[in-house]
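Numbering (this note's numbering), first residue to last: 164 to 349.
Note that the Cβ used here is the ideal one computed from N, Cα and C, for glycine as well.
None of these values were measured; they are calculated from a predicted model.
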Ligand code: ADP
Ligand code: 5GP
């Protein structure tokens, strides 16, 4: 079986985090890269688990020191993938990166055999509904996230697979079968 980087992208609120949590439960051989960000933690988020929360100064120092495999600025924050964790883990297993479309396409250029999976919402209305129901975003943060949906939907054409997150269990099974197929390629 190959060890491959697996990028999961899609608009904010589509269900990426929920899907990734299920993937990790169902396939314990997978590991997830924990990103660094300058955005503030949401209630319930734990540093080192959802993200590693750092200051802008700290993040910028790490950029200069080449600590990131890729990084991007969106939603008034910096988000980046720590390089050493991903490179070390790929020697042993496949690594999930839940990152945005810019990061995903950059990762594909930098890492061999990167698998790009884009998660589609059933509709714009359902996406807005999920984001609102999650109840974690301020009006401003909600607006920023919805404004970026169009851009992300254009970039999705460059992804290897798109998976519709209508029913969660069905979507998780589809993603798992794609991962299995790709890991088993020669
Ligand atoms: P993302 O990580 O893409 O921003 P989340 O995983 O936080 O999205 O999901 C956003 C909200 O949608 C959460 O409240 C989650 O429970 C809900 N959700 C995820 N998948 C589904 C689904 N298939 N059907 C209904 N609600 C869902
Ligand atoms: P949120 O603030 O809602 O947690 O995440 C906003 C966006 O940032 C999501 O699309 C998420 O996938 C993306 N993201 C999270 N970590 C990284 C990262 O390390 N690099 C990049 N490029 N995007 C990231």
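Spatially closest choice to residue 169 from 231, 233, 257, 178, by CA coordinates: 257
N-terminal and C-terminal residue of the alpha helix (DSSP H) that residue 292 is part of: 287 to 297
Bridge partner(s) assigned by DSSP for residue 192: According to DSSP, which records beta bridges pairwise, residue 192 is partnered with nothing at all.
Distance cut-off 7 Å: residue 314 Cβ against heavy atoms of ligand 2: no
Contact shell at 5 Å, judged by CB to any heavy atom of ligand 1, ordered along the chain: 175, 176, 177, 178, 179, 180, 181, 293, 297, 328, 331
Residue 267 versus residue 172: straight-line alpha-carbon distance, rounded: 7 Å
Beta carbon of residue 165 nearer than 8 Å to that of residue 276: yes
Cβ-heavy atom distance, residue 244 to ligand 2, below 7 Å: yes
Residue 301: CB within 7 Å of a non-hydrogen atom of ligand 2: no
Helix, strand or coil at residue 113 [DSSP, three-state]: Since the first and last residues shown for the chain are 164 and 349, residue 113 lies out of range.
For residue 244 and residue 233, believed in contact at Cβ under 8 Å, the rounded distance: 5 Å
Local Cβ density within 10 Å of residue 263, reported as buried at 16 or more and exposed below that: buried
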